[in-house]
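One structure is given here, and the rest of the page talks about it.
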Amino acid sequence: MALAARFVRDSRAFSTDLTPDQATPRRRRRRRGRRGTMRSSEAMELLGFPPYSRPSPSEVKAAYRRMVMESHPDRVPTHLKSQAESKFKEISEAYSCLKDGRRSGSRMEVHVMRSGVPTGYGRSNKALVKAPFLLIMFAAVSFGAFSASRAYQRQKELCSSQNPFLP
Numbered sequence: 001m002a003l004a005a006r007f008v009r010d011s012r013a014f015s016t017d018l019t020p021d022q023a024t025p026r027r028r029r030r031r032r033g034r035r036g037t038m039r040s041s042e043a044m045e046l047l048g049f050p051p052y053s054r055p056s057p058s059e060v061k062a063a064y065r066r067m068v069m070e071s072h073p074d075r076v077p078t079h080l081k082s083q084a085e086s087k088f089k090e091i092s093e094a095y096s097c098l099k100d101g102r103r104s105g106s107r108m109e110v111h112v113m114r115s116g117v118p119t120g121y122g123r124s125n126k127a128l129v130k131a132p133f134l135l136i137m138f139a140a141v142s143f144g145a146f147s148a149s150r151a152y153q154r155q156k157e158l159c160s161s162q163n164p165f166l167p
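Read in UniProt numbering, the sequence shown has 70 at position 70, and its numbers run on one by one without any break.
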């Protein structure tokens, strides 16, 4: 019985007689990322920014405060509270998305453009840090071995010995 109910529920998603309002939640869920986070274009649209703009953090904060004041659940009549709560949660999620820098032109991308070294969530790129260190170590060992070999040859030339076991 549960399998039949699930089949009926899933088959409704593919039905062509759905209105766009009924299909919206399923479409929105599909557009979001792996973990259910909001995409930056959705967040910017929800906070009232044009699609390809790059708002500063202060503009994002001002838009968030304006939208929160308009749609706060405590400021609407009781029969509209559930709608206001869902809208308030979406606005909060949009603000956290844009505040964290998960949008195009984020601080992390700017850092990559300026320095050429991506940091990736605050960690340094360890391969790029290790490369010069390993190069210096290899050069020190190579030149050190070469210098030791030259010193051994020089001492052998200056103080030659008839003993085959001594240098």
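Idealized CB from N, CA, C, for every residue including glycine.
What you are looking at is a predicted structure, and each value in this text was computed from that prediction instead of being measured.
Assigned secondary structure, residue i (DSSP; H/G/I helix, E/B strand, else coil)
i: phenylalanine 49; result: coil
i: histidine 79; result: helix
i: cysteine 97; result: helix
i: glutamine 162; result: coil
i: proline 57; result: helix
i: arginine 66; result: helix
i: phenylalanine 143; result: helix
i: arginine 39; result: coil
i: valine 110; result: Model confidence at valine 110 stands at a pLDDT of 44, short of 50, so the residue's coordinates are unreliable; what they give is reported in the following sentence. Valine 110 falls in the helix class under three-state DSSP.
Integer Cβ distance of residue i from residue j, believed to fall under 8 Å
i: valine 68; j: phenylalanine 88; result: 7 Å
i: alanine 43; j: alanine 94; result: 4 Å
i: leucine 80; j: alanine 63; result: 22 Å between Cβ atoms; not a contact.
i: proline 73; j: glutamate 90; result: About 12 Å separates the two Cβ atoms, so there is no contact after all.
With 16 other Cβ atoms within 10 Å as the buried cut-off, status of residue i
i: methionine 137; result: exposed
i: alanine 139; result: exposed
i: serine 40; result: buried
i: valine 60; result: buried
i: leucine 135; result: exposed
i: cysteine 159; result: exposed
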